[in-house]
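Colleague: Chains as they are written, first to last, in my numbering: chain A, 109 to 209; chain B, 7 to 669; chain C, 37 to 529; chain D, 228 to 394. By construction, the Cβ of each residue, glycine as well, lies at the ideal position given by its N, Cα and C atoms.
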């Protein structure tokens, strides 16, 4: 049975790459965070594809956990952004450069 | 066997150290007396536990008096294991008894003596630390733990000699003691390593005394001699023998209770203890025994000659300590281990007593130590006078006092033992005469005649407080009666000390070792308890020695009471000889010329030439190089979080590239 | 369709008793924090303390009797390794709370219920990370820990540095866990399971799988994700910034707890199952370890801020511990655990001293602030000296013995040059650790804005005493602890 | 037929993802992200995982993304914080890195389906992805992780509320 496994995996890899690219190039903290979410989405896709290939529910449960974690990260991340925005009026991550060397 | 309480003995002083060391200053602010209650209490408790175990040990039949208590594993690395364990046998309990006992008395004495010192808690912390180390030293069941105690007492000695470190002389004296001891320790450690590696080559990776001694036959004879000599060199430093005795007289810079405890009664006997502990090894090497005996005899004689002319009251006592330690080694060297240890015991009583008395004198004289400025103290300080007189009788070997029995035993053994010789005996007798002479010189100069101190000092002279005099009285009682523990058979006694220690030294040892799982020794221990076919020679020697000692006392009386101009005339007529003695045979100067100056020159060369230019240059430039590297590298930490992410990515890429494509 | 019942044996819950106690305490503390008016503020901290001590007691007395076993269908492993790390982590939590009790005097936020509950939640995550037998649980635990610590890092809300640190840690952390997850996905794809023991067995029975690029890439991504948490070069960049900006009590917690948990995961997930392919990562890990030690130590030389210096030094310490990872023998792993334990005590101790030197709302974090401290507060100076000696690896402290074990094993495995490099690094590190000691004892006290100990609670005295004693005891009597670590490694499932 | 669907949805997911990183407007980025989630959801359906597809739509696209958009609105960040990011996006090292990651991941990983024979699954293909199977896993084998997720969410809420709260 041809289940197009490699297509899913390639797609997942490319999506992951797009996410990484966004993380290292965009300066807006929220967009950076969105790009991390893209990476997680790519991981999810890989997990579901593998879960089907392995025919086990473990991978599916992992995906659910990842969703929950993504939600939790969103909550904490946005809280940090709000905190910083209140202080400085920006969430451009290049502006946060007090700590270095 | 119920000796498991033994770990309590070292623990009490350690707890004292922790409490006084960490909180001492605060305790002193609140309630000064608490400090000495803790310190003395700790040692007192140790003494009580020791007493308990001692009584228990006495209750056992002689051949069962060996118990090895392993507390916990200390170092374990491959085949080599060392545990913290305590060996209970007659020898260790014998040592532990008087270490804790005399230690306790001196702790009590210090309450009065150090009462006005600013660093009250520091003093007691050090003293307790010393007690801990000393107890560890004598109770340890293996060489390494013993060495820990050995180093510990050295450290405490250093700390206490330079206790008043603001005075440069004290700091220098402390340093001298420390360095000299390090020299000895160095050889000691080499001996230990030689022994261990050799035994290890036979699969005996153990440092336990019982293991080592029962496998001693694995060592070839020449190696035993080397090891014994290296050990003995270590002992000469710790126990102040030729050639490394030079630190002990200077060590008198410390507070007097310290001189009494460490530099007379306990620490300096560590070498004697160690040689006795290793009697199996030493007995295997007759040459090493000879060296011990000769060095001991020479030291006894040599130090006594120096003591004749010293004017500092503590220096006299210090040289007399060196001399008496020489006696002990003489005893050990001729195979009379028990006699040597018996002298350790009596000496610890009367020498501690003498030092404490001299402390009272110094205390009363407002810190004056020169005997030429003393005199006539007999009436003002009766207790001190009487107790000191008792101590002097004991050390001089007046019949009936403790020193008589022990000294006589050593002299008799030196004369009669197969390893002994008449020459050794004769040197010993000469030293005994001189001892009597200079000790009475001390008494006469200090307590008799008119007082030569200044008016102001005279005004302050007073008897010491109770906390100081009570230990004196206890010690003087011990100085009298301590000797009766070991009355020789010739005088109708049972020589109990020797009987008690016999399992360790005598033939009983083989049985003990077998009981402990070891092999019987191939080299039989020479029986020093040879049959006395007749006591007549011993009587003769005893009477002879006593007479000649009394003659020495009489000479001292004549010179320092009656014709007081004579000593000066003698000194004036033999200026070079007098100066030679006064300046301690110029040994310090000799060492300075032979060892220290070349070494110093060499080290100055190393310092100025090699160190400053080559090494410092290297080190500094290395340091500068690393600092610079740090400065450069830290720029990588730019503070921009996305660059961090890039670095992360690069890492991942390198890893993947390596594993997926290169590998 | 059949109905199914949830049937779990009660003993399963006994295996996670410490974690349950921690969660319950966290919730109680959280609720207490809400009713500020009725509850004394110190009551919150004390409750958290009581709960964590109880958890420690549970970990000590309830855990691991008999051989290794698992519960929750293999999700939670109960072996000697779990036991050891649960103990270490519980000790870290207790010490952190003790330090925080004092630190809270200076900083209002640290007193709140949220603070303590987050510390406890993070602790739950750490314990689960060390005991997880399944990658799902491992991941959730890691995120529980991380998310709590992201928040804790930003707890100085009035300081921009703290927020910045939280931002950086959060972004990098989320980025790193995505990589970790991707690695999990590949491992899952290659072996068909997320259960660590099943993965192990699968690799044993199908050794050819190790040649699959798939599998290797999964391993690499996991290594990156966990390497991030232990700050291995080049995944270390977040460490100094985050450590500097975070509240000091949390920095100590991060430097020890997170590292202990992440190393536990590293051993469980990579070292043990992938042991058959160990020979293939040698040269690369060699370089990584070398860089980790060297970069950490070199940059630490150039630091003026003590928290930042300790952060760089923690990178270097990760390098030392990774030596055991490279050697891979049982004794080397025992050495890693031993070092983790010593490291926990000495590092939390050092950070506790830093946390002690505060004014209301202001910290003294410059190394120059320590001038004259040794004489002004002799006991504190002594304690700090002990910690720094131990960090520098000088006898008679535990740090020395830890390095001794790790270096010896690495030598025995033949990594002579790496050990030489590690030795040189230790020497370099002595320079910057002893610099603090020198400044404490040989520099005159600064006159203006001098450091004053304003609040010393009994809690922090206990914490410092415990840490000092532990460091010294582990240095003088290492064999007990080492055999404890060794036993825990040998009963590793 | 199936392949066509996969390609379309995959293409959509990819396009949405690219648009997320290319949009100047933060709100637009977030909306494209919703699109990405929906496309992934459809892909999950192709992969026989109905339940996850539903979750993906409801939880991801519905809840999390709305939460993010709400935050963006609250911060009033209509235009992204940076200027000229597109130039930096396609210059220099980022291009190299991008190509690198694509080639590594796709080449090394995607094309070896033989590996998947090692799977240990037992579930019949027809049942795969049904909710009761997942539930069975969650509440029997995965109960520990499931419970820990609750702890995680509590911690996140506590932390978020504390950080975002105005003092």
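#1: Against chain A, does residue 366 of chain D count as a neighbour if the rule is that its beta carbon must be under 7 Å from one of theirs?
#2: Tell me residue 76 of chain B's beta-bridge partners as DSSP assigns them.
#3: In the DSSP assignment, the alpha helix (DSSP H) including residue 191 of chain B goes from what residue to what residue?
#4: Using the beta-carbon count (16 or more within 10 Å), is residue 227 of chain C buried or exposed?
#5: Is there a C-beta anywhere in chain D that falls below 7 Å from the one on residue 50 of chain C?
#6: Entirely within the stretch 217-304 of chain B and at least 4 residues each: give me those alpha helix (DSSP H) ranges in chain order.
#7: Using 8 Å as the cut-off, can you tell me whether the stretch 230-250 of chain C makes contact with the stretch 267-280 of chain C, which would need three or more C-beta pairs spanning the two stretches below that distance?
#8: List, in chain order, every chain C residue whose beta-carbon is nearer than 8 Å to that of residue 661 of chain B.
#9: Starting from residue 128 of chain A, find everything on chain B with Cβ-Cβ shorter than 9 Å and list it in chain order.
#10: Step through the CB atoms of chain C and report whether any lies within less than 7 Å of the CB of residue 143 of chain A.
#11: Name the chain C residues that come within less than 9 Å of residue 278 of chain D, Cβ to Cβ?
#12: Going along chain C in order, which residues have a C-beta closer than 8 Å to the C-beta of residue 303 of chain B?
#13: Taking CB distances under 7 Å as the criterion, tell me whether residue 200 of chain A reaches chain C.
#14: Nearest-angstrom Cα distance between residue 144 of chain C and residue 377 of chain D?
#15: Among residues of its own chain, excluding the 5 on either side of residue 316 of chain B, which ones have a beta-carbon nearer than 7 Å to its beta-carbon?
#16: Nearest by alpha-carbon distance to residue 244 of chain C: which of C:92, C:310, C:221 and C:113 is it?
#17: Can you pull the chain B neighbours of residue 131 of chain A, defined as C-beta to C-beta under 8 Å?
#18: Based on the DSSP output, what are the partners of residue 399 of chain C in its beta bridges?
#19: Please say whether residue 51 of chain C and residue 112 of chain C have beta carbons closer to each other than 7 Å?
#20: Is the stretch 232-246 of chain B close to the stretch 108-120 of chain B, with three or more CB pairs under 8 Å?
#21: Give me the Cα-Cα distance between residue 102 of chain B and residue 552 of chain B, rounded to the nearest whole angstrom.
#22: Give the residues from the stretch 176-193 of chain C that approach chain A closer than 8 Å (Cβ to any Cβ), ordered along the chain.
#23: Can you round the beta-carbon distance between residue 91 of chain B and residue 76 of chain B to whole angstroms, since I take them to be within the 8 Å contact cut?
#24: From this set, A:123, A:117 and A:172, which residue's C-alpha is nearest residue 277 of chain D's C-alpha?
#25: Identify which residue in B:56, B:19 and B:508 has its Cα closest to the Cα of residue 3 of chain B.
#26: In this structure, does DSSP put residue 386 of chain C in helix, strand or coil?
#27: List the residues of chain C that residue 658 of chain B touches, going by C-beta distances under 8 Å, in chain order.
#28: Cβ closer than 8 Å: which chain B residues qualify as neighbours of residue 464 of chain C?
#29: Which residues of the stretch 292-303 of chain D have a Cβ closer than 8 Å to any Cβ of chain A? Give them in chain order.
#30: In terms of residue numbering, what span does the beta strand (DSSP E) encompassing residue 641 of chain B cover?
#31: Measuring CB to CB, does residue 150 of chain A end up less than 7 Å from residue 114 of chain A?
#32: Excluding the five sequence neighbours on either side, which residues of its own chain have a C-beta within less than 6 Å of the C-beta of residue 272 of chain C, listed in chain order?
#33: With three or more beta-carbon pairs closer than 8 Å as the criterion, would you say the stretch 211-230 of chain C touches the stretch 188-203 of chain C?
#34: Assuming residue 442 of chain B and residue 403 of chain B form a contact by the criterion Cβ under 8 Å, report the distance between their Cβ atoms to the nearest whole angstrom.
#35: Looking at residue 176 of chain A: is its Cβ nearer than 7 Å to the Cβ of residue 116 of chain A?
#36: Just mark residue 311 of chain B as buried or exposed, buried being the case when its beta carbon has 16 or more other beta carbons within 10 Å.
Modeller: Let me spell this out:
#1: No, residue 366 of chain D lies away from the interface with chain A (no Cβ there is under 7 Å from its Cβ).
#2: Answer is B:91.
#3: DSSP places residue 191 of chain B inside the alpha helix (DSSP H), whose first and last residues are 174-207.
#4: Counting C-beta atoms within 10 angstroms of its own C-beta, residue 227 of chain C has 16 or more neighbours from the protein chains shown and is therefore classed as buried.
#5: False, the Cβ-Cβ gap to chain D never drops below 7 Å.
#6: Residue ranges of uninterrupted alpha helix (DSSP H) with 4 or more members, entirely inside the stretch 217-304 of chain B and ordered along the chain, are 227-244, 253-256, 262-266, 276-283 and 285-290.
#7: Contact check between the stretch 230-250 of chain C and the stretch 267-280 of chain C: fewer than three CB pairs, one atom from each, fall below 8 Å, which does not count as touching.
#8: The contacting residues are 256, 259, 260 and 320.
#9: Neighbours of residue 128 of chain A in chain B, taken as residues whose beta carbon is under 9 Å from its own, are 651 and 655 in chain order.
#10: Output row for residue 143 of chain A: interface = no.
#11: Per Cβ cutoff of 9 Å: no residues; residue 278 of chain D is ~15 Å from chain C at best.
#12: Neighbours of residue 303 of chain B on chain C: none; closest Cβ ~41 Å, over 8 Å.
#13: Not a single CB atom of chain C sits nearer than 7 Å to the CB of residue 200 of chain A.
#14: If you take the alpha carbons of residue 144 of chain C and residue 377 of chain D, they lie about 28 Å apart.
#15: Answer for residue 316 of chain B: 322 and 325, listed in chain order.
#16: Nearest of C:92, C:310, C:221 and C:113 to residue 244 of chain C, Cα basis: C:310.
#17: For residue 131 of chain A, the neighbours in chain B by C-beta distance under 8 Å run, in chain order, 648 and 651.
#18: Looking at the DSSP output, residue 399 of chain C shares a beta bridge with C:394.
#19: Result yes, Cβ atoms of residue 112 of chain C and residue 51 of chain C sit closer than 7 Å.
#20: Touching, no, given that fewer than three Cβ pairs across the two stretches are closer than 8 Å.
#21: When rounded, the distance between both Cα atoms is 32 Å.
#22: Within the stretch 176-193 of chain C, the qualifying residues are 176, 179, 183, 186, 187, 190 and 193.
#23: At roughly 4 Å, the Cβ-Cβ gap stays under 8 Å, so residue 91 of chain B and residue 76 of chain B are in contact.
#24: Among A:123, A:117 and A:172, the Cα nearest to that of residue 277 of chain D belongs to A:172.
#25: Nothing can be reported for residue 3 of chain B, as the shown portion of chain B is limited to 7 through 669.
#26: In the three-state scheme derived from DSSP, where H, G and I count as helix and E and B as strand, residue 386 of chain C is classed as helix.
#27: Chain-ordered, the chain C residues with CB closer than 8 Å to the CB of residue 658 of chain B read 215, 256, 257 and 260.
#28: What residue 464 of chain C touches in chain B, judged by beta-carbon distance under 8 Å, is 632, going in chain order.
#29: Taking 8 Å as the Cβ-Cβ cut-off against chain A, the residues of the stretch 292-303 of chain D that qualify are 294, 295, 298, 299, 301 and 302.
#30: For residue 641 of chain B, no beta strand (DSSP E) encloses it, and the DSSP letter there is neither H nor E.
#31: Cβ atoms of residue 150 of chain A and residue 114 of chain A: not closer than 7 Å.
#32: The residues 351, in chain order, have a CB closer than 6 Å to that of residue 272 of chain C in the same chain once the five nearest residues on each side in sequence are set aside.
#33: The stretch 211-230 of chain C is not in contact with the stretch 188-203 of chain C.
#34: Your pair residue 442 of chain B and residue 403 of chain B checks out as a contact, with CB atoms roughly 7 Å apart and the cut at 8 Å.
#35: Not in contact: residue 176 of chain A and residue 116 of chain A (Cβ atoms no closer than 7 Å).
#36: A residue is called buried once 16 or more other Cβ atoms fall within 10 Å of its Cβ, and residue 311 of chain B is buried on that count.
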